[in-house]
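Engineer: Got a structure here, written out as structure tokens. Questions coming.
Printed below as a string of structure tokens:
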């Protein structure tokens with residue numbers, strides 16, 4: 064990896080930049096899958112509130128940032144899935160209860176090893192699952208390279224212009 068590139072635990076001082084990067088990554092990643100109007104309407108204040116909720120508390124969320132020269136250029140986060148039968152979120156796959164809930168890098172920083180380092184920080188060698196837009200072939204290829212495979216589960220994000228997504232799972236590594 065190039066000098067100046069690093070991955071570290073996200074913290075409260077990162078919140079504002081994380082919100083900005085989150086919005087920009089969504090706009091870069093989902094262009095062509097979602098309408099320009101939808102992407103233009105992504106609310107930076109909403110992302111700021113999300114990151115404040117995740118990080119500015121006594122038990123901060125499991126989140127990491129990728130930095131270039133100290134500037135946040137991407138992030139990843141993982142969480143334990145709710146127990147089967149819980150009304151919260153997707154049901155966990157048979158392979159485990161750890162979910163990678165997000166991994167995003169600015170397009171300018173993709174292909175430089177930061178994505179793999181973020182993934183390692185977020186889930187290590189543990190069994191895990193993730194949801195990815197069915198049309199995001201670049202991300203699907205990245206996750207396949209990291210040992211993930213689709214398990215047949217599908218969903219549609221109705222509040223995201225009915226964006227179809229697939230679940231990918233990976234057994235514990237090593």
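Numbering (my numbering), first residue to last: 64 to 237. By construction, the Cβ of each residue, glycine as well, lies at the ideal position given by its N, Cα and C atoms.
Could you check what DSSP says for residue 204 in three-state terms: helix, strand or coil?
Structural biologist: Looking at residue 204 - three-state DSSP - the assignment turns out to be helix.
Engineer: Only counting the same chain, and skipping five residues up and downstream in sequence, which positions put a Cβ closer than 6 Å to that of residue 80?
Structural biologist: The answer, listed in chain order, is 135.
Engineer: How should residue 220 be labelled, buried or exposed, when 16 other C-beta atoms within 10 angstroms of its C-beta is the threshold for buried?
Structural biologist: It is exposed - the Cβ of residue 220 has fewer than 16 other Cβ atoms within 10 Å.
Engineer: CA-CA distance, residue 88 and residue 164?
Structural biologist: About 14 Å.
Engineer: With a CB to CB cut of under 6 Å and the five nearest residues on each side skipped, what residues in its chain are close to residue 119?
Structural biologist: So the list reads 75, once near-sequence residues are dropped.
Engineer: What residue range does the alpha helix (DSSP H) around residue 84 cover?
Structural biologist: Per DSSP, residue 84 belongs to the alpha helix (DSSP H) from 78-93.
Engineer: Between the stretch 210-225 and the stretch 105-115, do at least 3 Cβ pairs fall closer than 8 Å?
Structural biologist: Contact fails: fewer than three Cβ-Cβ distances are below 8 Å.
Engineer: Helix, strand or coil for residue 216, going by three-state DSSP, please let me know.
Structural biologist: Three-state DSSP puts residue 216 in a strand.
Engineer: Can you tell me where the beta strand (DSSP E) with residue 143 in it begins and where it stops?
Structural biologist: Residue 143 -> beta strand (DSSP E) spans 134-143.
Engineer: Are the beta-carbon atoms of residue 142 and residue 194 separated by less than 8 Å?
Structural biologist: Not a contact, by the Cβ cut-off of 8 Å.
Engineer: By the DSSP assignment, the beta strand (DSSP E) with residue 71 in it spans what residues?
Structural biologist: That run of the beta strand (DSSP E) goes 68-72.
Engineer: Helix, strand or coil for residue 197 per DSSP?
Structural biologist: Correct three-state label for residue 197: coil.
Engineer: For residue 127, report the span of its beta strand (DSSP E) as first-last.
Structural biologist: Here the beta strand (DSSP E) through residue 127 covers 125-131.
Engineer: Quick check on the burial criterion: 16 or more other C-beta atoms within 10 angstroms. Buried or exposed for residue 77?
Structural biologist: Per the 10 Å Cβ criterion, buried.
Engineer: So residue 164 is in the beta strand (DSSP E); what residue range does that whole segment cover?
Structural biologist: That run of the beta strand (DSSP E) goes 161-168.
Engineer: Does the stretch 126-140 come close enough to the stretch 93-112 that 3 or more CB-CB pairs lie under 8 Å?
Structural biologist: The stretch 93-112 vs the stretch 126-140: no contact.
Engineer: So what's residue 105 in DSSP terms, helix, strand or just coil?
Structural biologist: Correct three-state label for residue 105: coil.
Engineer: DSSP three-state call for residue 98: helix, strand or coil?
Structural biologist: It is coil, neither helix nor strand.
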